[in-house]
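Report on the following structure.
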Amino acid sequence: MQLSFEVPSPTEPMRIDASIRQCVVAGWAGRDLAAIEHHIDELAALGVPRPSAVPLYYRVGADRLTQDGEIEVIGDASSGEAEAFLFSHQGLAFVSLASDHTDRQLETHSVALSKQLCPKPVARVAWPYGEVADHWDELVLRAWIEEDGRRVLYQEGTLASLRHPFELVKDHFGAETIPEGVGMLCGTVAALGGIRPAASFEMELADPVRKRAIHHRYRVTVLPEVA
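The opening position of the sequence shown corresponds to residue 38 in this note's numbering, with each subsequent residue numbered one higher.
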């Protein structure tokens with residue numbers, strides 16, 4: 038999958054085209070193991086299977102990645118999750134923003150299938166990882182949904198609540214750097230008011246130190262479930 042990113046710079050902004058051949062979604066990627074266990078119990082009560090390991094790495098097809106402003110899903114039970122998106126290009130690591138859009142109804146049957154079923158929207162801006170490495174934990178994930186005609190804050194939290202991305206990379210790949218051609222979604226923060234579907238999903242990765250943010254917004258078209 039070819040993804041194009043603008044890389045901002047005060048001198049000379051550039052554009053990169055990254056070829057992503059493998060997409061990995063890091064699930065259960067929080068640092069607080071007690072909080073993870075509590076969340077697992079909550080979801081288990083709803084019928085979502087317990088993960089076989091923590092964290093757990095789900096493979097989804099690279100063709101699920103999209104930078105379009107609209108996605109199509111089957112049924113009305115899916116929702117987005119804002120996550121940092123890590124990839125490498127010509128030997129350098131970059132960070133962008135993606136949504137692990139997931140079918141919540143199918144999730145009670147198979148988490149892996151629920152993730153594979155839905156597109157994974159990706160922003161069109163990326164930062165060199167080196168520009169945020171020394172203040173990674175201060176970066177903030179936010180998301181908003183459209184609800185009853187209003188823009189409602191849906192997620193907000195710093196990356197300090199999640200495992201470091203290169204800890205995830207080392208755990209999964211046994212490597213110090215993310216392999217070329219791999220894109221990894223690095224975990225998310227809790228949904229305010231509970232996980233729920235919406236007609237549109239807006240997300241950002243904010244850098245309070247450099248006073249900038251990566252934004253992306255997409256609309257959701259629901260296709261009918263035909264028996």
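Even for Gly, the Cβ is constructed at its ideal location relative to N, Cα and C.
- Partner residues in the beta bridge of E239, as assigned by DSSP, are W181 and R254.
- For R187, the number of other beta carbons within 10 angstroms of its own is below 16, and it is reported as exposed.
- If only uninterrupted alpha helix (DSSP H) runs of at least 4 residues are considered, those enclosed by the segment 82-165 are 141-144 and 148-154.
- Taken through DSSP and simplified to helix, strand or coil, G186 comes out as coil.
- Counting the other Cβ atoms within 10 Å of the Cβ of R101 gives 16 or more, which makes it buried.
- Residue state for A264 is assigned as coil, using DSSP reduced to three classes.
- Residue state for L176 is assigned as coil, using DSSP reduced to three classes.
- With distances taken between CA atoms, A243 lies nearest to A163 out of A264, A163, L205 and F203.
- A check of alpha carbon separations from P234 across R256, R249 and V226 identifies R256 as the nearest.
- In this structure Q153 is buried. Its beta-carbon is surrounded by 16 or more other beta-carbon atoms within 10 angstroms.
- Each residue's CA atom was taken as its position, placing A99 and L40 some 10 Å apart.
- The C-alpha of P261 is placed about 29 Å away from the C-alpha of E79.
- Nearest neighbour of S151 by Cα position, chosen from V226, H138, F210 and A160, turns out to be H138.
- Residue pairing by DSSP places T195 opposite V177 in a beta bridge.
- Judged by beta-carbon spacing, L199 lies within the 8 Å limit of G224, meaning their Cβ atoms are closer than that value.
- Per DSSP, the continuous beta strand (DSSP E) segment holding E43 begins and ends at Q39 to V44.
- Using a Cβ-Cβ distance cut-off of 8 Å, the segment 113-131 and the segment 52-72 are in contact, since at least three pairs of beta carbons, one from each stretch, lie closer than that value.
- Residue pairing of L80 in beta bridges, as defined by DSSP: absent, with no partner found.
- Y95 and G64 have their alpha carbons spaced roughly 7 Å apart.
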